[in-house]
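Everything below concerns the one structure shown next.
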Amino acid sequence: MIINKKRSKYSNTFAFILRPVLLFILCLFLSGQEIIPARDEKIPLLRLMNISPPAESVAFLQSKVPPLLRNLPTEQNHPKTEHFSLQVEKNGEEALNMLLEVDKNSFERLETLSRENEIWEPMITSVEEALINYDKIVIYGSESSGRMAKLIERSLWRSFWNRVKSQKKIWSKLEPHLAHPIEDQFLGETAGGDAALFFLFPEFDDVQLIGKLQYLERGIKKEDVVICLSDDGTSSPVLGAALAALESWKSGGNFDPQESQKKIFFFAANPESSLLPLDSCRKVLQEPGLTKIFLTTGPQAIAGLTRMQVASIELYVLGNILRTALYRVLQRFLSKREMEKLGFAKEPRPEKEWNSFFSLLQEIRKKTDLISQISEMEVQAYDYQRNIDYFCGEGLMAVLIDVTERALFFPRPLFDTDSSSSGTRRVRLFTEASGSQPVRLSLLGRPFRGISEHFYRKPLEEELQNPALREKIRNNLQIAEHSPLPANNFSFSEFLRQEQNPDPKSTAIIFCLGEEFEELKNTNSGFRKFLDMCLSRDSKVALVVISDNPEKDIKKTTEKIPGFEKNGKHLLVTIKTGEDDPLDLRKIFALKIILNGHSTSILSRLDRMIGNSPYYFQPRNLKLIGRATELVRVTVNDILSHPNWVKRYGVKNPVFYGEANAVLFEAIHYLNERGFGSSSEIAIAIIRILESLRLKKAVMQKTAMDLAEEPGLKRYLTAIISDNQKIPPKKNDPLMVR
1001 MIINKKRSKY SNTFAFILRP VLLFILCLFL SGQEIIPARD EKIPLLRLMN
1051 ISPPAESVAF LQSKVPPLLR NLPTEQNHPK TEHFSLQVEK NGEEALNMLL
1101 EVDKNSFERL ETLSRENEIW EPMITSVEEA LINYDKIVIY GSESSGRMAK
1151 LIERSLWRSF WNRVKSQKKI WSKLEPHLAH PIEDQFLGET AGGDAALFFL
1201 FPEFDDVQLI GKLQYLERGI KKEDVVICLS DDGTSSPVLG AALAALESWK
1251 SGGNFDPQES QKKIFFFAAN PESSLLPLDS CRKVLQEPGL TKIFLTTGPQ
1301 AIAGLTRMQV ASIELYVLGN ILRTALYRVL QRFLSKREME KLGFAKEPRP
1351 EKEWNSFFSL LQEIRKKTDL ISQISEMEVQ AYDYQRNIDY FCGEGLMAVL
1401 IDVTERALFF PRPLFDTDSS SSGTRRVRLF TEASGSQPVR LSLLGRPFRG
1451 ISEHFYRKPL EEELQNPALR EKIRNNLQIA EHSPLPANNF SFSEFLRQEQ
1501 NPDPKSTAII FCLGEEFEEL KNTNSGFRKF LDMCLSRDSK VALVVISDNP
1551 EKDIKKTTEK IPGFEKNGKH LLVTIKTGED DPLDLRKIFA LKIILNGHST
1601 SILSRLDRMI GNSPYYFQPR NLKLIGRATE LVRVTVNDIL SHPNWVKRYG
1651 VKNPVFYGEA NAVLFEAIHY LNERGFGSSS EIAIAIIRIL ESLRLKKAVM
1701 QKTAMDLAEE PGLKRYLTAI ISDNQKIPPK KNDPLMVR
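In terms of this note's numbering, the sequence shown opens at residue 1001 and continues consecutively.
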């Protein structure tokens, strides 16, 4: 047997579990020499396990895409967070500081890139001209980047114009010069439309045609500015949208790539050299008619999760581009004093905005101990089967996105989709608006925008050759067409009217952004009514205030609220963002960074990751299946090379990628057929392989699933290489109990 010289990118995951390999094995590892054959019975792994590779596995392995995807920088493990899950158990504050350090390093690299002003200036100019010429500004993404596009539309763009229109004198001067309605000039779009805020559609990420059809359905014109956010650079719908935008220029004749470059922008977080080997990416990257921007900041804090650093950078960069373009347009029609009233104290300079980011990061770092305590509060609530109630105003979209993206790691929706079903979900979101339509307007700032199943069905059925994928896409289109928001969802007033069995000891987290904190002084406001209800029920409350207000003023206000400070069990987190923030970009950005740390800590505390690799996600598209396959392969091989394993069971041949993939697909089929949602396909595959090799016989899926559920993957792996092999007990996962 020859062991590959190249260490896997996932090997750091088990640095805290695995011990150094025996010296002679290490020498052979480095030299690439052969070792004694592994299995005395000389039976290939799949034959030992009585597995014939499923057809889906064969088709998957024939594709060139998955093996290339696993080499992307964003798929690698970050060295600074390799012990994250262990650190969360030891010291939650230090674990959060690990994540913030990766944020800091990512932005330092981006700062170097941003010193070249020509990177941002063409886009700022294009957005400025679009505002003057009444053209649309479109940001299109898929999955986390698409939800980020919607966050920018709702929380930056639409909220800004709501504030502008509230100042009637200023608005009367601007209105004649702007598009009508100005709010609709900006479009934040994602594969799946608005429904992707509530549901995950990972299968869409395998289909370029989705992006092309959505571009056409939304009526985007050649003259509109189209910004395509592809996170890692491989998202199929985003690539499809970029090509559709280019085609609208080429189809008109007299195509000039220098002109289309000013209107079409493609963002990727991996370097061009890593993306060019992929056929689908190469077609876009080699097109001269669009501007490519590579925000290459390296591995994510949690391997593969671009909702962390990549999405944060996209928010900050695009927010500053919008802010600068708006300043240039509005200052044509308003006086300096009027500009100051809107929050523009001085001309924005995106290339100089990084100082404010580092100051904001330092503010958050001072509060990591409190943020860690909030995460502990939420996990304890899960342990005791309590509800988690979030109350938000302007932060509702950011919180909803965070909870939705956590759902990738759980088999059922995390948040309550119907307030009358108290106790059937673990997370409930509330806002002040009442009634179905007001809640939708509060969340989106506009009516729900679905996608037309009729428009998509025929082209997709004609192009998609895979019948299983075709069926999944068809089902997703039906969900995406209509609003999934029930009449009373998120409405606090509806909840108060209908709730019959209130939870007396739920945990509540309240997010106040900017002037919303003043609402706590008003006993008739939704914020104050919610807080008073929680205090009267003896709930644990965490109040997060992100504003310009000094911390001492905020504390004075909360001290006057009856019951908030008396018993000391409630938490107050204050983040000062500074002034000159007309779009509330820093407030939304700070909230996102806090939510990144909060939700990642929760996932780790609930054993959804080991080290800095997530193990309990649902592999539902090519990228996720490839990531899951690599995790299975590397995890098994790390265990097989451990001295205690070798001592007990002998040297074993390493598991190959194709073998790991076949076992993974068997686990996927097993869970799909039986509807067992609390297990992880990855955990089942890993345990099934190791148990089969350990016992030298085929182990059934149910046996592996039972071990995956209790004691769980992390405890199983720790035990199997421990000195006594005693597997510690594990309580049932509280999120799975119904």
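Think of the CB as a built atom: it goes at the ideal place given N, C-alpha and C, for glycine as much as any other residue. Nothing here was measured: the structure is a model prediction, and the numbers come from that model.
Taking all protein chains shown into account, I1043 has fewer than 16 neighbouring C-beta atoms within 10 Å of its C-beta and is therefore exposed. The alpha helix (DSSP H) runs of length 4 or more contained entirely in the segment 1355–1418 are, from start to end of the chain, 1368–1383, 1396–1406. Counting the other CB atoms within 10 Å of its CB gives K1458 a total below 16, which places it among the exposed residues. Look at I1119 here: in three-state DSSP terms it is helix. The closest CA to that of G1211, considering only L1200, D1231, K1221, S1235, is found on S1235.
Beta-bridge partners of S1613 (DSSP): I1610. Contact between the segment 1461–1476 and the segment 1393–1405 is absent, with fewer than three C-beta pairs closer than 8 Å. Secondary structure in the segment 1538–1593: the beta strand (DSSP E) runs of 3 residues or longer, each lying completely within the stretch, are 1540–1547, 1571–1576 in chain order.
Around N1644, the same chain offers I1721 as residues with beta carbons nearer than 6 Å, after the five sequence neighbours per side are excluded.
For L1513, no alpha helix (DSSP H) segment is defined; the enclosing uninterrupted segment is the beta strand (DSSP E) at 1507–1513. Per the C-alpha coordinates, the member of I1668, N1621, K1150 positioned closest to P1054 is I1668. For I1227, the closest alpha carbon among the candidates L1322, Q1258, R1307, F1490 is that of L1322. Comparing C-alpha distances from F1267 to each of S1493, V1427, L1285 shows the shortest one belongs to L1285.
Assignment of F1517 by DSSP, reduced to helix, strand and coil, places it in the helix class. With a 10 Å radius around the Cβ and a threshold of 16 neighbouring Cβ atoms, L1695 comes out exposed.
If one requires a minimum length of 4 residues, the alpha helix (DSSP H) runs lying completely within the segment 1691–1716 are 1701–1707, in chain order. Rounded to whole angstroms, the separation of the alpha carbons of M1098 and T1081 is 6 Å.
When secondary structure is reduced to three states using DSSP, F1160 falls in the helix class.
CA-to-CA, the gap between F1198 and I1401 works out to about 8 Å. Here the segment 1595–1614 makes no contact with the segment 1575–1587; the two share fewer than three CB pairs at distances below 8 Å. Bounds of any alpha helix (DSSP H) do not take in L1187; it lies within the beta strand (DSSP E) bounded by 1186–1190.
Taking a 10 Å sphere around the C-beta of P1176, we find fewer than 16 other C-beta atoms and assign the residue as exposed. At a cut-off of 4 residues, the continuous stretches assigned as alpha helix (DSSP H) that sit fully inside the segment 1205–1277 are 1208–1217, 1236–1250, 1257–1260, 1272–1275.
In the three-state scheme derived from DSSP, where H, G and I count as helix and E and B as strand, L1429 is classed as strand.
The Cβ-Cβ distance between T1297 and I1313 falls below 8 Å. In the DSSP assignment, K1292 falls within the unbroken beta strand (DSSP E) covering 1291–1294. With respect to the 8 Å criterion, N1661 and F1060 are classified as neighbours on the basis of their beta carbons. When the Cα atoms are used, A1708 and V1699 turn out to be separated by approximately 13 Å. Residue pairing by DSSP places I1321 opposite no residue, since no beta bridge is assigned to it.
The three-state secondary structure of G1193, taken from DSSP, is helix. Of the candidates T1557, L1361, L1640, V1634, V1634 places its Cα closest to the Cα of G1658. The three-state reading of DSSP puts I1137 in strand, counting E and B together.
Taking 8 Å as the cut-off, the beta carbon of I1220 is found no closer than this to the beta carbon of K1104. Excluding sequence positions up to five before and after L1110, its CB lies within less than 8 Å of the CB of L1295, T1297, I1313, V1317, W1354, all in the same chain and listed in chain order.
In the three-state DSSP reduction, S1604 falls in the helix class (H, G or I). CA-CA distance, M1123 to R1147, rounds to 21 Å.
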